[in-house]
Amino acid sequence: AWMLIGFVALFVLGRLDYRRIRPLAPAGAVGAALLMLLVLVPHLGVSVNGARRWFDAGPLGTFQPSELGKLAFAIFIAHWVDRNSQRMGDFQRVFIPFVAMLAGVLVLLMLERDLGTSIVTVGIFVSAYWAAGGRLRHIVLLVAGLSLAFIAVTLLEPYRMGRLTSFRNPWADPLGAGFQATQSLYGLASGGFFGVGIGHSIEKYGWLPEAHTDFIFAILGEETGLVGTTLVMLGFLVFGLRGYRATLRAPDRFGMALAASITTWVTFEALLNMATVTNTLPITGVPLPFFSYGGTALATTLAAVGILLSIARHGSGSALRNNRRSDETFDRWRRDRRAPVSGARGRAGVSR
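As numbered in my numbering, residues -7 to 344 make up the sequence shown, in order.
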């Protein structure tokens, strides 16, 4: 059912002019934030493994507000940075409110114990801020502050500290803290070059925890081998390149910021998931877009792709066909990117 909802949303939003959803941005963000608050209320939210992130959706299974929030906040922050595009270099009037909004969302996510979505949300916000002409030094300051906050949260939460220490050497405790990481690596290794065949995985039958959600990439590697995982990675690479090209050729700054947010969301989430499965990064708990089992995540991601297709459809078609960078949209974006370091104070944009 969630897949059907997602494909309907993809088709409708892909055909719809993306600018028509802009008036809904503030209400959508507020509604998503309220749902993320309500899910924390006992007897309303469903708790799984100590985390309260879901509502019981009856025949649809469960509904995760934070997944809907990623789409709602991506639309809202694109709307907000576009409204403030002429003064993106203003620290007090733009950067501080931007950080405050991001911090509010992150607090809600951390109350839900959802570190993975928190990291992806930072990517969504920062990419929109950057696309609209935000200053690089502001972004560096923000990332540095968030890194310190992450370290503090990790030290205060024993289970996160356990994930971090087991990540460094999962083989030190392969039957305890390192069990999930080692089983994931076993699955990838046993797949070899061509895999053991679709449906013939051993790890997914009770050996690898969360094999159908956060660790589906390990099962893909086991069943389809290096060939299959390489094709999946190439698919996300192509998605990212096409998405950022649509960003550069968006007809307006709202579309540019929104396309950047959606592209970063999907590609960054995929990168985090694959890095977790291969033990390149500690376990973050993010799904693999389009592959992981999870109705809300699939539906909202497909809806976001529909919006991205709409932005690409309304972009500069001639520039897309001729692969030229001389179109007005790209020139305006390039000038705006230079403005923050040109010495102009109080604003990052140029007159249009």
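Don't be surprised by glycine CBs; every beta carbon is placed ideally from N, CA and C.
For residue i, which three-state DSSP category applies?
i: D74; result: helix
i: R313; result: With a pLDDT of 41 at R313, under the threshold of 50, the modelled position of that residue is not reliable, and no figure is offered here.
i: G277; result: coil
i: G213; result: helix
i: T348; result: Because the chain here runs from -7 to 344, residue 348 falls outside it and cannot be looked at.
i: F65; result: helix
i: F185; result: coil
i: F345; result: Nothing in the structure corresponds to residue 345, since the chain is present only between -7 and 344.
i: A(-7); result: coil
i: R7; result: helix
i: A238; result: helix
i: Y197; result: coil
i: I190; result: coil
i: S308; result: coil
i: P243; result: coil
i: M80; result: coil
i: G126; result: coil
i: L2; result: helix
Could you round the C-beta distance between residue i and residue j to whole angstroms and report it? I think they count as a contact, below 8 Å.
i: A1; j: A295; result: 4 Å
i: D73; j: A120; result: It is Val, not Asp, that sits at residue 73 in the sequence shown. Correct: roughly 5 Å between the Cβ atoms.
i: L300; j: T255; result: 7 Å
i: N265; j: F185; result: No, N265 and F185 are not in contact; Cβ-Cβ is about 22 Å, not under 8 Å.
i: A249; j: A144; result: No, A249 and A144 are not in contact; Cβ-Cβ is about 30 Å, not under 8 Å.
i: V99; j: T113; result: With a Cβ gap of about 11 Å, V99 and T113 do not count as contacting.
i: P57; j: M102; result: Their Cβ separation, rounded to whole angstroms, is 14 Å, which puts P57 and M102 out of contact at 8 Å.
i: I69; j: S253; result: 7 Å
Grab the span of the beta strand (DSSP E) containing residue i for me, first residue to last.
i: W46; result: A43 to D48
i: V38; result: G37 to V40
Within the continuous alpha helix (DSSP H) that includes residue i, where are the two ends?
i: L30; result: A17 to L30
i: S284; result: Run containing S284: none; DSSP gives neither H nor E here.
i: V33; result: Unbroken run through V33: none, as it is neither H nor E.
i: A92; result: I88 to L103
In whole angstroms, what is the alpha-carbon distance linking residue i and residue j?
i: T54; j: T288; result: 8 Å
i: K196; j: V91; result: 41 Å
i: G168; j: D206; result: 18 Å
i: S193; j: P279; result: 19 Å
i: A291; j: L147; result: 34 Å
i: I116; j: A24; result: 15 Å
i: I(-3); j: F171; result: 36 Å
i: D165; j: T157; result: 10 Å
i: P15; j: H71; result: 9 Å
i: I303; j: L233; result: 15 Å
i: P89; j: R105; result: 24 Å
i: S176; j: I190; result: 17 Å
i: L5; j: L30; result: 28 Å
i: R245; j: Y178; result: 46 Å
i: Y10; j: P281; result: 22 Å
i: T221; j: Q78; result: 43 Å
i: R160; j: A267; result: 13 Å
i: G37; j: E59; result: 15 Å
i: L94; j: H35; result: 28 Å
i: A357; j: A17; result: Outside the displayed span of the chain (-7 to 344) sits residue 357, for which this structure offers no information.
i: S110; j: G298; result: 23 Å
i: G50; j: A(-7); result: 12 Å
i: L218; j: G187; result: 7 Å
i: G198; j: L273; result: 23 Å
i: T174; j: S139; result: 27 Å
i: T259; j: L229; result: 8 Å
i: R182; j: A203; result: Going by the sequence as given, residue 182 is Ser instead of Arg. The straight-line gap from Cα to Cα measures roughly 15 Å.
i: L240; j: L8; result: 20 Å
i: F142; j: G277; result: 15 Å
i: V33; j: D48; result: 13 Å
i: F231; j: A242; result: 16 Å
Subject >> Start-end ranges of the alpha helix (DSSP H) lying completely within the segment 245 to 278, minimum 4 residues >> reply: 245 to 269
Original post:
What are the uninterrupted segments assigned as beta strand (DSSP E) that are 3 or more residues long and contained completely in the segment 135 to 169, given in chain order?
Top reply: none
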